[in-house]
Amino acid sequence: MVSVGDEVKVGTVIGEAAGFVSVPVHASISGKVTAVGRFPHPLGGEHQAIVIEGDGEDSWHESVVPRDNVDSLSPKEIKDIIRDAGIVGLGGAAFPTHVKLSPPDSKPIDTAILNGAECEPWLTADHRLMLERPAEVMRGFHLIMRALGCERGFVGIESNKPDAVEAMKAAVPAGSGVRVVMVQVKYPQGAEKQLIDSLIRRKVPAGGLPMDVGVVVQNVGTALAVYEACYKGIPLVRRVVTVTGNPVENPSNFSPRVGTMVGSLVEQAGGLSDEVSKVISGGPMMGIAQFTLDVPVIKGMSGVLFLGPGEVDTRPPDPCIRCGHCVHACPMKLLPTTIEKYVMVEAIDKAVKIGLNDCIECGACAYVCPSRRRLVHQFKYGKYLSAELRNKAAERSDKEKGN
Amino acid sequence: MSEHFIVSASPHLRQNTSIQKVMFGVVIALVPAVVGSVYFYGVRALLLILLSCLAALVTEGVIQKARGVPVTMGDGSALVTGILLSFNIPPGVPWWMPVVGSVFAKGVDVVTQATPLAVMRKVTEIIADPNSTTHQIVQAREVLADLGSSESIANLFMGQVGGCIGETSAILLLIGAAYLMFKHYIEWRIPSTYMATVAILTWVFGGPSGLFTGNALFHILAGGLILGAFYMATDMVTSPVSPKGMIIFGVGCGVLTSIIRLVGGYPEGVSYSILLMNVATPLIDRHTRPRKFGEVKKSG
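Quick note, the sequences are listed as chains A and B, same order.
Every number in the working numbering is 610 more than the matching position in the first sequence, counting from 1.
Every number in the working numbering is 2 more than the matching position in the second sequence, counting from 1.
Next up, the structure:
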C-alpha cells in the first residue's frame, strides 16, 4: 500500500484487508515511511511491518471526521465502519470485530455481553477504561448491540472491581436493556465461554462458538474503539496497555499508538529498576514471552509484564504424580494429565478425542501442578500437530477428488 | 539491563507448590500419630519408625545413584514411605523387618515411579510375621469380646488397644488428616466415601442379630481403616484422577473391606481392598472421563 518515502497522516490506510476475516491497518502517527520489511513481532518470529518516522505534527487524515448521524446508522453501516476502522477484539485474540458481529442468519443473537471481567492478574487496562471512560464504553456497547440487532446486554465485571461496577452502572442510560452484573473473582472468568455461563447459564457446546447459544461477547476496549470509530471517525490507532511488574519503576496504564515500541513504553514508565528475567506480552497466565523489547505494541496487546529473577520458576518438571489437581482446576472439565500423556507420545487422535482442541490454554492446570509439568506447552504443540494432520487429510481428500 | 530474557510457554506464574511440599505435608500430618505410637509402645516404636525411614532413604539414594538419575532423597517421599510402612507392623517385631520392608517398598517405588502404599503394607505384614493373621484374629477377638461397653469404643478412638504401631489411635490420625485436607494435599472424596460405605454395610449386614444391628462405629475405628482411608487410599499415583472416579474408588474400597471383614477369612481387609481398587484404577479412569464443558450427552 505504501512504499519508502511516502508521507502518511494519522489514519492513512497503510495495509489493506486481505479477505473477510481481516481488517485494514492505519498509520498511527504522521510522518514518512522509512522502511517496509520484516521485523520482530510480539507473537514470535518476524512479520511484515512498516516503519514510519514521525514528523511530530500529529496531523490527521482528512477521512477522520466526526459523524453526527450516528443514531440513524443501520446495522450494516455500523459493521462497515467497524471494519474500515480496523477494529479487532482488544481482549487479546485480535479477531476482527465485524466478523464476530456478522453471524449467519441461522444463528440469531439475543444477547450481547460486554467483557469487563479482566481476570488475568496484573493487568488493569480494562479496569481503568471502565473507570475513566464509562460513558463512551457504554455507547460503544450500544452500537454493538444495534449491529447485532439484540435488545439484551450484560456487562460482566469481576467483584474485585466494585468501583468499575459503580461507574458502568451509572453510565447505563435509563430504559436500556443493559444490566451490569458483578461476577465472582475466579480465573478464567474473562474467558468467553466461562463468562457466558456465569452470566446467563448457557453452555457453549464443545467445539462451538458463543453464537451457537445466541451470544456475542466483546471486550470493553473494543467497545471504546467502536465508539471512537462511529462517533469521531477515528480508526483503531491506539489502545490501552498496562505496563507493570515488580522491576518496573512506575507501573502504569498507557494509551499508546499502535506500533509504539515496547522499549519506549518502558521508558515512559520510569524504566526498569531491577534485573528482568522475563518480558511477557499480555498477562502472566496466557501471555507470550518476548525475546526482545524491540517489538511494537499491536492491537491485541493488553499489557506488558516484567518479571524479576526471583519470580520466574525455571526448575525442571518432575514426573506426574496423578494427583488430579489439574483435573479439578480445568474450567473446560478436561483431563489435562491424560491429554499431556497422549501428546507426549504424539497420539494426537486420542488426545483430540478427549478434548485437546477444547483446551482454551488458560493455564490453570499448569498453575496448580505440583510437578510443574509443562501442560500448556504440550497442548499448544499438540494442537499444532493436530492442525497439521487436518491439513494433510484435507489435501489428501482433495487429491482423491481430483483423480 | 540484561538482553537475555527467558522465553517459555505460558503460564508464567505457578502456585507455590511442589511434590516436596506435598510430601512434607504428609510427614507433618503423621507426626501426631508418631508421637502417639511412642507414648503407647515406648522407644522401641520410635526406633522401628526411624529404621524404616532410614532404610527407605538409603534405598532411594543408592538405586537412583546406580541408575544415574537425579537423586531425590530430599523430597520427603522416602520419609512418607518409611513412616507409613512402620505404622503397619506390630511393635514387637525384630528390628530388621521394617528395614527389609522399606528396602523392598522403596526399591520398587524408585524403579517403577509408583508403589501403591498398600503393597508396602501387605508385603511388610507378610515379611514381618508369617503368623500375623492368627495374631490379628486373636487380637480382634479380644477387642470384640469387650465390645459391650461404650468405653471400648472410646479406647479405640483414643488408642488404648493393641495393634500395629501407627493405626492405634484414631484421633491422632484424624488430626493429621484434617491438616492434609485443610492444605488440599488429599482429596475428601475417597476417604469419606470409603468410610461411609464401610459404616453403612457393616451396620446393615454386620450385626449378630439380623439386619441393621451392626456396630458401624467399631468397624470404622478398629483396625487400619482410618490409616488406610486417609493415608493409603488417597495415594495419588494409584487412585483415579476424576471426581467421579474417586467416588467409585472409595465406594469400591468400602464394599471390599466390608465383604472381607464380614464374610472373609481375615478380620481386617483394608490393605487388600485398596490394592484391588488400585489395580482397577486405570479401568475406572477410562470410564469416568468428566463430561467436557459444553459436551452434549450422546443420545441413544
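Where is the CB? At the ideal position from N, CA and C, for every residue including glycine.
Could you tell me the alpha carbon to alpha carbon distance between residue i and residue j, rounded to whole angstroms?
{"i": "glutamate 742 (chain A)", "j": "glycine 615 (chain A)", "result": "39 Å"}
{"i": "leucine 753 (chain A)", "j": "valine 836 (chain A)", "result": "7 Å"}
{"i": "lysine 813 (chain A)", "j": "arginine 293 (chain B)", "result": "12 Å"}
{"i": "lysine 371 (chain B)", "j": "glutamine 900 (chain A)", "result": "Residue 371 (chain B) cannot be examined here, being either before or after the span of chain B that is shown, 3 to 302."}
{"i": "valine 37 (chain B)", "j": "leucine 175 (chain B)", "result": "11 Å"}
{"i": "glycine 226 (chain B)", "j": "leucine 48 (chain B)", "result": "19 Å"}
{"i": "cysteine 933 (chain A)", "j": "leucine 985 (chain A)", "result": "14 Å"}
{"i": "asparagine 133 (chain B)", "j": "proline 92 (chain B)", "result": "With a pLDDT of 46 at asparagine 133 (chain B), under the threshold of 50, the modelled position of that residue is not reliable, and the figure given next carries that caveat. Roughly 12 Å separates the two Cα atoms."}
{"i": "isoleucine 192 (chain B)", "j": "leucine 285 (chain B)", "result": "17 Å"}
{"i": "aspartate 959 (chain A)", "j": "histidine 987 (chain A)", "result": "18 Å"}
{"i": "leucine 53 (chain B)", "j": "valine 60 (chain B)", "result": "11 Å"}
{"i": "serine 1027 (chain A)", "j": "glycine 843 (chain A)", "result": "Since the first residue shown for chain A is 611 and the last is 1013, residue 1027 (chain A) is missing from the structure and cannot be characterised."}
{"i": "isoleucine 85 (chain B)", "j": "proline 34 (chain B)", "result": "12 Å"}
{"i": "phenylalanine 295 (chain B)", "j": "proline 772 (chain A)", "result": "29 Å"}
{"i": "valine 105 (chain B)", "j": "threonine 74 (chain B)", "result": "16 Å"}
{"i": "valine 853 (chain A)", "j": "glutamate 1005 (chain A)", "result": "44 Å"}
{"i": "glycine 247 (chain B)", "j": "threonine 290 (chain B)", "result": "6 Å"}
{"i": "alanine 235 (chain B)", "j": "isoleucine 767 (chain A)", "result": "42 Å"}
{"i": "glycine 70 (chain B)", "j": "valine 101 (chain B)", "result": "24 Å"}
{"i": "arginine 693 (chain A)", "j": "histidine 708 (chain A)", "result": "6 Å"}
{"i": "proline 744 (chain A)", "j": "alanine 777 (chain A)", "result": "6 Å"}
Hey, could you find the ends of the alpha helix (DSSP H) residue i is sitting in?
{"i": "glycine 256 (chain B)", "result": "245-265"}
{"i": "valine 33 (chain B)", "result": "21-43"}
{"i": "threonine 721 (chain A)", "result": "Premise fails: threonine 721 (chain A) lies in the beta strand (DSSP E), 721-726, not in any alpha helix (DSSP H)."}
{"i": "lysine 842 (chain A)", "result": "First-last for lysine 842 (chain A): undefined, no H or E at that position."}
{"i": "leucine 219 (chain B)", "result": "218-223"}
{"i": "methionine 197 (chain B)", "result": "191-207"}
{"i": "proline 744 (chain A)", "result": "744-758"}
{"i": "lysine 963 (chain A)", "result": "958-963"}
{"i": "tyrosine 952 (chain A)", "result": "946-954"}
{"i": "isoleucine 806 (chain A)", "result": "802-810"}
{"i": "cysteine 936 (chain A)", "result": "935-939"}
{"i": "valine 978 (chain A)", "result": "974-978"}
According to DSSP, which residues form a beta bridge with residue i?
{"i": "tryptophan 670 (chain A)", "result": "A:Val620"}
{"i": "isoleucine 692 (chain A)", "result": "Its beta-bridge partners do not exist; DSSP assigns none."}
{"i": "glycine 867 (chain A)", "result": "According to the sequence displayed, residue 867 (chain A) carries arginine and not glycine. In the DSSP output, where bridge partners are listed per residue, arginine 867 (chain A) has A:Arg848."}
{"i": "histidine 657 (chain A)", "result": "A:Phe649"}
{"i": "phenylalanine 916 (chain A)", "result": "A:Val889"}
{"i": "glutamate 663 (chain A)", "result": "A:Lys642"}
{"i": "histidine 636 (chain A)", "result": "A:Val623"}
{"i": "serine 862 (chain A)", "result": "A:Val853"}
Indicate the three-state DSSP secondary structure (helix, strand or coil) for residue i in the structure shown.
{"i": "lysine 67 (chain B)", "result": "helix"}
{"i": "phenylalanine 764 (chain A)", "result": "strand"}
{"i": "valine 102 (chain B)", "result": "helix"}
{"i": "glycine 1012 (chain A)", "result": "helix"}
{"i": "threonine 290 (chain B)", "result": "coil"}
{"i": "threonine 707 (chain A)", "result": "helix"}
{"i": "valine 643 (chain A)", "result": "strand"}
{"i": "proline 772 (chain A)", "result": "helix"}
{"i": "leucine 903 (chain A)", "result": "coil"}
{"i": "leucine 882 (chain A)", "result": "strand"}
{"i": "valine 239 (chain B)", "result": "coil"}
{"i": "valine 876 (chain A)", "result": "helix"}
{"i": "valine 298 (chain B)", "result": "coil"}
{"i": "valine 698 (chain A)", "result": "strand"}
{"i": "valine 95 (chain B)", "result": "coil"}
Looking at the unbroken beta strand (DSSP E) that takes in residue i, where does it start and where does it end?
{"i": "alanine 899 (chain A)", "result": "898-900"}
{"i": "threonine 74 (chain B)", "result": "Segment: none, threonine 74 (chain B) is in no beta strand (DSSP E) and carries neither H nor E."}
{"i": "proline 826 (chain A)", "result": "Strictly speaking, residue 826 (chain A) in this sequence is valine, with proline absent from that position. It spans 825-829 - the beta strand (DSSP E) in which valine 826 (chain A) sits, taken as one unbroken run."}
{"i": "glutamine 794 (chain A)", "result": "Where glutamine 794 (chain A) is concerned, there is no enclosing beta strand (DSSP E), given that its DSSP letter is neither H nor E."}
{"i": "glycine 84 (chain B)", "result": "Counting along the chain, glycine 84 (chain B) falls outside any beta strand (DSSP E), though it belongs to the alpha helix (DSSP H) covering 79-89."}
{"i": "isoleucine 173 (chain B)", "result": "Unbroken run through isoleucine 173 (chain B) is the alpha helix (DSSP H), 172-184; no beta strand (DSSP E)."}
Checking contacts by CB at 9 Å: is residue i closer than that to chain C?
{"i": "methionine 99 (chain B)", "result": "The displayed structure is made up of protein chains A and B, and chain C is not among them."}
Quiz item: Is there contact between the region 58-73 of chain B and the region 15-29 of chain B, where contact requires at least three CB pairs shorter than 8 Å?
Solution: no
Quiz item: Can we say the region 900-912 of chain A touches the region 206-215 of chain B, given the rule of at least three CB pairs closer than 8 Å?
Solution: no
Practice problem: Report yes or no: do the region 774-793 of chain A and the region 677-688 of chain A share at least 3 C-beta pairs separated by less than 8 Å? | Solution: no
Quiz item: Is there contact between the region 819-832 of chain A and the region 717-725 of chain A, where contact requires at least three CB pairs shorter than 8 Å?
Solution: yes
Quiz item: Are the region 969-986 of chain A and the region 928-945 of chain A in contact at 8 Å, needing three or more beta carbon pairs?
Solution: yes
Exercise. Could you say if the region 260-274 of chain B and the region 199-210 of chain B meet the contact criterion of at least three C-beta pairs nearer than 8 Å?
Key: yes
Quiz item: Are at least three pairs of beta-carbons, each pair with one atom in the region 855-875 of chain A and one in the region 751-765 of chain A, less than 8 Å apart?
Solution: no
Quiz item: Pairing CB atoms from the region 168-183 of chain B with CB atoms from the region 922-941 of chain A, are three or more of them under 8 Å?
Solution: no
Practice problem: Please confirm if the region 645-652 of chain A is in contact with the region 689-705 of chain A, defined as three or more CB-CB distances below 8 Å between the two stretches. | Solution: no
Self-check item: Any 3 or more C-beta pairs closer than 8 Å across the region 659-669 of chain A and the region 631-644 of chain A
Solution: yes
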